[in-house]
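**Student:**
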Amino acid sequence: MVCLVRQILEISSIGQLEETHWQNKDQLIVVEFYVSGTPDCNSSVEEFEALNSKYGIEKQALFVRINFELEPACKEIYDVDVFPSYKLFWNNETLCEISGMDKENLEKAIVENLRGPAAERVADRGSDDYFDPR
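Going by our numbering, the residue at position 79 of the sequence shown is 163; the numbering climbs one at a time, nothing skipped.
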């Protein structure tokens with residue numbers, strides 16, 4: 085069996101990011117906002133690539149990088165102040181935000197939301213979680 089891992093998508097504009105959201109509906113999108121040349125962002129590259137290798141298999145999740153220097157508007161639009169920062173999206177909705185490279189929490193968030201927003205999965209469990217107070 086051959087497992088396909090997508091390359092990390094490097095985008096350079098908010099428009100490209102929004103287009104990526106629409107082209108990848110019902111899929112987890114993990115976005116790294118970074119500034120090239122900074123020690124923190126440089127050290128996060130291998131960690132982000134490792135997560136892509138693990139969770140980008142067979143299109144489970146799409147990993148995207150956007151350089152703040154090429155698109156400074158992301159600070160206001162996506163409320164990003166720390167680099168690197170990570171946001172997880174599903175159908176253009178923000179599921180999670182992580183400031184700085186925290187591989188453990190980022191991986192935990194990816195696993196929790198890989199099949200859709202965690203809250204939706206809990207709601208889909210049905211009557212097992214339903215309590216009728218009557």
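We treat Cβ as the ideally placed atom computed from N, Cα and C, and that holds for glycine.
Just so we're clear, the structure is a prediction, and the values are computed from it rather than from any experiment.
Contact defined as beta carbons within less than 8 Å: I believe I113 pairs with V148. What is the distance between those atoms, to the nearest angstrom?
**Tutor:** Numbered from 1 along the sequence shown, position 29 holds the residue referred to as residue 113. Numbered from 1 along the sequence shown, position 64 holds the residue referred to as residue 148. Sure, about 6 Å apart at Cβ, within 8 Å.
**Student:** Less than 8 Å between C-beta atoms, sequence neighbours within five positions excluded: which residues of the same chain meet that for E133?
**Tutor:** One-based indexing of the sequence shown puts residue 133 at position 49. Once the five neighbours on either side are set aside, the close Cβ partners of E133 are I92.
**Student:** Which one or two residues does DSSP pair with N108 in a beta bridge?
**Tutor:** Along the sequence shown, read from residue 1 onward, the residue named residue 108 stands at position 24. None, per the DSSP bridge assignment.
**Student:** Over what stretch of residues does the alpha helix (DSSP H) that includes Y162 continue unbroken?
**Tutor:** Counting from one through the sequence shown, the residue named residue 162 turns up at place 78. First-last for Y162: undefined, no H or E at that position.
**Student:** Please name the residue in E153, E196, V166 whose C-alpha comes closest to that of S120.
**Tutor:** Reading the sequence shown from its first residue, position 36 is the one you call residue 120. Ranking E153, E196, V166 by Cα distance to S120 puts E153 first.
**Student:** Using only alpha-carbon positions, find the residue among T122, Q111, H105, F167 that is nearest to A145.
**Tutor:** Here residue 145 is taken as the residue at index 61 of the sequence shown, counted from 1. Nearest of T122, Q111, H105, F167 to A145, Cα basis: Q111.
**Student:** Tell me whether the beta-carbon of I194 lies closer than 8 Å to the beta-carbon of Y139.
**Tutor:** As a working note, residue 194 is residue 110 in the sequence shown. As a working note, residue 139 is residue 55 in the sequence shown. Yes, these two residues count as a Cβ contact at 8 Å.
**Student:** Alpha carbon to alpha carbon, what distance is there between E102 and F117?
**Tutor:** By 1-based counting over the sequence shown, the position of residue 117 is 33. By 1-based counting over the sequence shown, the position of residue 102 is 18. Each residue's Cα considered, the two are about 14 Å apart.
**Student:** Between which residues of its own chain and N136 is the CB-CB distance below 6 Å, once the five residues before and five after are set aside?
**Tutor:** Taking the first residue of the sequence shown as 1, we reach residue 136 at position 52. Result list for N136: I92, F147, in chain order.
**Student:** In its own chain, which residues sit with a C-beta less than 7 Å from the C-beta of N175, not counting the 5 before and 5 after it?
**Tutor:** For this step, residue 175 is matched to residue 91 along the sequence shown. If we look at N175 and ignore the five residues flanking it on each side, its Cβ neighbours are K109, D110.
**Student:** Evaluate V166 with the Cβ neighbour count: other Cβ atoms within 10 Å of its Cβ, from every protein chain shown; 16 or more gives buried, anything less gives exposed.
**Tutor:** For the purposes of this step, residue 166 is identified with residue 82 of the sequence shown, where counting begins at 1. Looking at its Cβ environment, which holds fewer than 16 other Cβ atoms inside 10 Å, V166 is exposed.
**Student:** So A145 is in the beta strand (DSSP E); what residue range does that whole segment cover?
**Tutor:** For the purposes of this step, residue 145 is taken as residue 61 along the sequence shown, with counting starting at 1. Start and end: 145-151.
**Student:** P168: buried (16+ other C-beta within 10 angstroms of its C-beta) or exposed?
**Tutor:** Counting from one through the sequence shown, the residue named residue 168 turns up at place 84. Under this definition P168 is a buried residue.
**Student:** Our contact map puts L172 next to N197 with C-beta atoms below 8 Å; I'd like the distance itself, whole angstroms only.
**Tutor:** Taking the first residue of the sequence shown as position 1, residue 172 is located at position 88. Taking the first residue of the sequence shown as position 1, residue 197 is located at position 113. That pair is a contact at about 6 Å.
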